[in-house]
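Inspection log for the structure reproduced underneath, given as structure tokens.
Residue numbers (the UniProt record's numbering): 1 to 433.
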């Protein structure tokens, strides 16, 4: 377990190449800045469920200002907002899972059993053929972005050699419950040809549709309001994470030093403003349409996530190879049981997805703007890597020279965990939230 700032950059620079760490962390920062923008655009789409009379850009402007103020004030302000929004989000998704099962089994306004009926209508389940199937992966990558951050924060947790194996396993079950089960229920209950579902001006979330199917008049508005707070939570987290990444870049000498300036509350306020400025891309929606812009931003973030996972897989392979070369494998407190196949699968599969997910850009006719949104990240990251490598003349780290000692967390530093029923209760709550 390594202590370091909340970013993967020090590990990548140490285990692979400083230029690789430079390019990857700027990619991460860009990811978070654009994620904030995409969440602000999503607020406009959510608002359309209730009215078209309120200008969407004004809603984005209001919450853009709120997010910047919260993140520039204190870390505690960010934490408090994120805690309550996350709590509401988890409670809602649990209720959604229950309601989704009820609706599918006949507890809907029509009183009929749905089952897998919508998987057998013409065109389903692989709508759009190869192009449609391939493009789904960028959406999935957008949704799964950030799941790797739990491992990045290992050095900042208590008892990491004991808790991290548990947390990593819990992440698997959380993804299975909160992500995959939710998507499965949406696929069962909402047909792909539902009105406006695939429109660039989508007004209704599939989560909202499922609640509407119960027949309760207010259900749709309630869940739509919760979705709005969930999107706000995601934007809050993305802005916070992007700010810390830019601060880390400044501290590591990979960005101008003034981005590392702190206010009296020890918040990197310049980094907050810079990241917030980039997220101001969302206001372009007033010219090209919120739905279209959100689709482009989603593509950018999804591909950025895949590039990050490729880099993490490469770093994992290099790290484990160095540990074996230096004869320190027995010192690892936690070993990934999928190694070496897991990291290789991550690298190869994500590389394949990055290349094919823009298939829909070429059929039925070439869409230049969508092509750029799918693939612009590739040349940018390559230029950043090669540019930094030539300027700083960085070298690929050799396995036998790799630093495996600095910032290592030892097992002797463990803190006694709370026992009894209180400890068990905290464990259950921690698993959920």
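We put the beta carbon where it would ideally sit given N, CA and C, even for glycine.
Small disclaimer: the values here were computed from a predicted structure and weren't measured.
Asked	Found
So for residue 434, helix, strand or coil by DSSP?	Absent from the model: residue 434. The displayed extent of the chain is 1 to 433, so no value can be given.
Measure the CB-CB distance between residue 331 and residue 226 and report whether it falls below 9 Å.	no
Over what stretch of residues does the alpha helix (DSSP H) that includes residue 30 continue unbroken?	18 to 47
When burial is assigned at 16 or more other CB atoms within 10 Å of the CB, is residue 120 buried or exposed?	exposed
Evaluate the contact criterion for the region 164 to 176 versus the region 379 to 398: three or more CB pairs, one atom per stretch, below 8 Å.	no
Can you tell me whether residue 299 is buried or exposed? The criterion is at least 16 other CB atoms within 10 Å of its CB, across all chains shown.	buried
Where do the N-terminal and C-terminal ends of the alpha helix (DSSP H) with residue 240 fall, by residue?	219 to 251
In three-state DSSP terms, what is residue 135?	helix
Using the Cα positions of residue 436 and residue 358, report the straight-line distance between them to the nearest angstrom.	With the chain covering only 1 through 433, there is no way to say anything about residue 436.
Can you tell me the Cα-Cα spacing of residue 354 and residue 303, whole angstroms?	6 Å
Taking contact to mean 3 or more Cβ pairs, one atom from each stretch, closer than 8 Å, check whether the region 36 to 48 and the region 232 to 240 are in contact.	yes
With a threshold of 7 Å on Cβ separation, who are the neighbours of residue 220 within its own chain once the five nearest residues in sequence on each side are excluded?	208, 211, 212
Using three-state DSSP, classify residue 400 as helix, strand or coil.	helix
Under the rule that 16 or more other beta-carbon atoms within 10 Å means buried, what is residue 270, buried or exposed?	buried
State the DSSP-derived secondary structure class of residue 111, mapped to helix, strand or coil.	coil
Enumerate in chain order the residues of its own chain whose CB-to-CB distance from residue 188 is below 8 Å, with the five nearest sequence positions on each side excluded.	100, 104, 114, 115, 116, 118, 119
Beta-carbon separation of residue 262 and residue 268 under 9 Å?	yes
Do residue 64 and residue 246 have their beta-carbon atoms positioned less than 9 Å apart in this structure?	no
Name the residue from 138, 175, 318, 143 whose alpha carbon lies nearest to the alpha carbon of residue 360.	138
Determine, using beta-carbon pairs with one atom in the region 386 to 406 and one in the region 304 to 323, whether at least three such pairs fall under 8 Å.	yes
Does the distance from the C-beta atom of residue 97 to that of residue 176 stay below 9 Å?	no
Please classify residue 218 as buried or exposed, where buried requires at least 16 neighbouring CB atoms within 10 angstroms.	exposed
Over the uninterrupted alpha helix (DSSP H) stretch that includes residue 89, give me the two end residues.	75 to 104
Hey, residue 327 and residue 336 are a contact pair by Cβ (cut 8 Å); roughly how many whole angstroms apart?	Rounded, the Cβ-Cβ distance is 19 Å, inconsistent with contact.
Please list the terminal residues of the continuous alpha helix (DSSP H) segment that includes residue 390.	377 to 392
Over what stretch of residues does the alpha helix (DSSP H) that includes residue 274 continue unbroken?	269 to 279
Taking three-plus beta-carbon pairs below 8 Å as touching, is the region 15 to 23 in contact with the region 386 to 395?	yes
Is the beta carbon of residue 350 sitting closer than 9 Å to the one on residue 74?	no
Which value, in whole angstroms, describes the spacing of the CA atoms of residue 347 and residue 125?	28 Å
Quick one: Cα of residue 412 to Cα of residue 333, how far?	The pLDDT assigned to residue 412 is 49, lower than 50, so where the model puts this residue is not dependable; a value taken from the coordinates is nonetheless given after this. Taking the straight line joining both Cα atoms gives about 12 Å.
Considering only C-alpha positions, which residue in the set 273, 215, 251, 250 is nearest to residue 240?	273
Any idea if residue 85 is buried or exposed, counting beta-carbon neighbours within 10 angstroms, 16 or more meaning buried?	buried
Can you tell me where the alpha helix (DSSP H) with residue 357 in it begins and where it stops?	Taken as a continuous stretch (DSSP letters only), residue 357 belongs to no alpha helix (DSSP H), as it is neither H nor E.
Whole angstroms are fine: how far does the CA of residue 174 sit from the CA of residue 279?	29 Å
Would you decide whether residue 111 is buried or exposed? Buried here means 16 or more other CB atoms lie within 10 Å of its CB.	exposed
State the DSSP-derived secondary structure class of residue 265, mapped to helix, strand or coil.	coil
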